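Novice:
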Amino acid sequence: MKYKKPDMVLLFLIFLLLAVGLIMVFSSSTGIALAITRKDPNPYYFLERQIVWVILGFAGLLAAYHLDLNLIKKYIPWLYMTCIGMLLLVLVPGIGMDVSGARRWFHFSFVNLQPAEFSKVVLILFISWFITRKGGLSTSLWKTIFPLLVSILPLIYLVYKEPDFGTAFLMFTTALGTIFVSGIQLKDMALLSSASLPAGIFYMLKAKYRLKRLQGFFNPWKHPYTSGYHIIQSLIAVGSGGWFGVGLGDSRQKFFYLPDQHTDYIFAILGEEGGILATLFVLLLFLFVAARGLNIALKQTDPFKRILAAGLTISIVSQALINMAMVIHLLPPVGIPLPFLSYGGSSLMTCLIMIGLLLNLSRIPIHKKIEMTTSLESA
Numbered sequence: 369m370k371y372k373k374p375d376m377v378l379l380f381l382i383f384l385l386l387a388v389g390l391i392m393v394f395s396s397s398t399g400i401a402l403a404i405t406r407k408d409p410n411p412y413y414f415l416e417r418q419i420v421w422v423i424l425g426f427a428g429l430l431a432a433y434h435l436d437l438n439l440i441k442k443y444i445p446w447l448y449m450t451c452i453g454m455l456l457l458v459l460v461p462g463i464g465m466d467v468s469g470a471r472r473w474f475h476f477s478f479v480n481l482q483p484a485e486f487s488k489v490v491l492i493l494f495i496s497w498f499i500t501r502k503g504g505l506s507t508s509l510w511k512t513i514f515p516l517l518v519s520i521l522p523l524i525y526l527v528y529k530e531p532d533f534g535t536a537f538l539m540f541t542t543a544l545g546t547i548f549v550s551g552i553q554l555k556d557m558a559l560l561s562s563a564s565l566p567a568g569i570f571y572m573l574k575a576k577y578r579l580k581r582l583q584g585f586f587n588p589w590k591h592p593y594t595s596g597y598h599i600i601q602s603l604i605a606v607g608s609g610g611w612f613g614v615g616l617g618d619s620r621q622k623f624f625y626l627p628d629q630h631t632d633y634i635f636a637i638l639g640e641e642g643g644i645l646a647t648l649f650v651l652l653l654f655l656f657v658a659a660r661g662l663n664i665a666l667k668q669t670d671p672f673k674r675i676l677a678a679g680l681t682i683s684i685v686s687q688a689l690i691n692m693a694m695v696i697h698l699l700p701p702v703g704i705p706l707p708f709l710s711y712g713g714s715s716l717m718t719c720l721i722m723i724g725l726l727l728n729l730s731r732i733p734i735h736k737k738i739e740m741t742t743s744l745e746s747a
C-alpha cells in the first residue's frame, strides 16, 4: 500500500524550534555551566548534553514514525501497566533518585530518565484506544467517561505523588482536551469540568509550598525574596528585552538572578535577549504546530488515529502555552519545561516521539483519496 509523504511542514517547524532551543540553551546556561565546571571550565556543558538528547530524540522520532499503529493497539494496555509499574518504582527509596524531596527520576550512569514524561505519550494512546474500543463517548456518561477516568486517574495520581503537580496538571488537561475532541456531549463535558475543578483546587492547595506559590502569584511584590521571587525575576527579564531584546548572549538575568533560566524559564531569557519579536516568533511556531497537528487529525478516517493525533497535538501545544503563561505571570509557576526549547532529556525525547507519531499519522494511504474522488465523481 502506498502512502502520502509525511507532513514536511510540521517537521520544518520542529527543526526551527530545536534550532532556537539549542541557541537559547547555550546562551542561557553559560553562567551556571562555568559555575559547575570550575575545575575544568566548560561553557558548552549544557549545550553538549542537549545536542546528545536531540540526537537520541530523533532516534525516538524515527522509531515512532515507522511504528505500525494498527499493530500496537493490542499492546496499549500492557504499555499502560508498564508505566504504572515505573511510576511506582520511582517512588521507592533507593530506586528513584531523590532531588530536594522529589522522586521523579531513574539514574542510569550519566543519564537521568523521568518516567512521568513518557507516561504522557502512553496516556494519550490509552485514551484513544479506550474511547474507540467503547465505540465513542457520545452515548453514555457512565458507560464511557466514568470508566475512562477511573482507568487513567491512577497514572496521573502517581505522577502527582512524586510530587510533580505541573506534569500531573498537564496530563489531566490533555486528557480533558482529548475527551472533548472525541465527541463528548457538551452537557457531559460541562459536568466533567465542573466536577474536576474542586478536586484540582483541593490538590493544588493541599501542599504548603504550592499554597505559598499561589500567594506569590497573586501578589509577588509582597514576597519578593520567597514565593514571588521567580515571578519578579522572570518579569524583569521579559520586560528588559523590549521589542528587540538586549542582544543574544547579553542577558543579565541568567547570571543567577532568574532560577531555572535554561529549563522552565528559558522563555524569559528569550524575551530578554530577543525581545517581544522573538517571543512572538516562537509563539507563532507553536500555533502553526497546532494547526498542522489538528489538520492531520481531521484527515484521519480511523477514529483511533484521529483521537490520537488530536491528543498528541493538545499535549504539546498546551504544555507550551502553559509554560509561556507561567513565565509572563498569567498562570502560577507549575514547573513544566517549554517543549523543544528547555534543557532536559526526558521532556525533549517525549516531545520528539510525539512528533514522530504525528508524522506517522500524516502518511495517509493514497488509495483512500482515490476512492473518495471516484465516489464524488459518480455522484
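Take 369 as the starting number for the sequence shown in my numbering and just add one per residue.
Beta carbons: idealized from backbone N, C-alpha and C, even for Gly.
Remember, predicted model here, so these are calculated numbers, not experimental data.
I need the straight-line Cα distance from VAL606 to THR647, nearest angstrom please.
Specialist: 9 Å
Novice: Helix, strand or coil for GLU745 per DSSP?
Specialist: Bear in mind that the predicted position of GLU745 carries a pLDDT of just 43, short of 50, making it too unreliable to give a figure here.
Novice: Could you tell me the alpha carbon to alpha carbon distance between LYS529 and ARG471, rounded to whole angstroms?
Specialist: 9 Å
Novice: Note down, one range per segment and in chain order, each alpha helix (DSSP H) of at least 4 residues found wholly within the region 650-730.
Specialist: 671-695, 713-729
Novice: Go through its chain and collect everything with a Cβ distance to LEU638's Cβ below 7 Å, but skip five positions before and after it.
Specialist: Closer than 7 Å at Cβ, skipping near neighbours: MET392, ALA646, THR647, VAL650.
Novice: How big is the Cα-Cα spacing for ARG417 and THR398?
Specialist: 13 Å
Novice: Considering only the beta carbon of each residue, do ASN663 and TYR433 sit closer than 8 Å?
Specialist: Cβ atoms of ASN663 and TYR433: not closer than 8 Å.
Novice: Which first and last residues belong to the beta strand (DSSP E) in which ARG501 is found?
Specialist: Looking at the DSSP string, ARG501 is not in any beta strand (DSSP E); the run it does join, the alpha helix (DSSP H), is 483-501.
Novice: From this set, ILE419, PHE624, TYR633, GLU641, which residue's C-alpha is nearest PHE612's C-alpha?
Specialist: GLU641
Novice: Starting from GLY464, trace the beta strand (DSSP E) both ways and give me its first and last residue.
Specialist: 464-467
Novice: Give me the Cα-Cα distance between ILE738 and ILE732, rounded to the nearest whole angstrom.
Specialist: Because ILE738 carries a pLDDT of 43, less than 50, the predicted location of this residue cannot be relied on, and the following value inherits that uncertainty. When rounded, the distance between both Cα atoms is 11 Å.
Novice: My understanding is that GLY464 touches PHE474, with C-beta atoms under 8 Å, so please give their C-beta distance in whole angstroms.
Specialist: 7 Å
Novice: Taking 6 Å as the limit between beta carbons, can you name the residues of its chain near GLY425, skipping five residues before and five after?
Specialist: Setting aside the 5 residues that flank it on each side, GLY425 is surrounded in the same chain by LEU716, MET717, LEU720, each with a C-beta closer than 6 Å to its C-beta; the list follows chain order.
Novice: What residue from ILE604, GLY453, THR541 has the CA that sits closest to PRO522's CA?
Specialist: GLY453
Novice: I'd like to know if the region 376-391 and the region 705-713 are in contact, where contact means that at least 3 CB-CB pairs between them fall below 8 Å.
Specialist: Look at the beta carbons and you see the region 376-391 touching the region 705-713: at least three pairs across the two are nearer than 8 Å.
Novice: Less than 8 Å between C-beta atoms, sequence neighbours within five positions excluded: which residues of the same chain meet that for PRO409?
Specialist: LEU402
Novice: Taking 8 Å as the cut-off, does the region 435-449 touch the region 485-503 (at least 3 CB pairs, one atom from each stretch)?
Specialist: yes
Novice: What are the start and end residues of the beta strand (DSSP E) that includes HIS475?
Specialist: 470-476
Novice: Going by the beta-carbon positions, is the gap between ILE634 and SER396 smaller than 8 Å?
Specialist: yes
Novice: Take every Cβ of the region 537-550, pair it with every Cβ of the region 678-686, and state whether three or more of those distances are shorter than 8 Å.
Specialist: yes
Novice: Do ALA543 and LEU491 have their C-beta atoms closer together than 8 Å?
Specialist: yes
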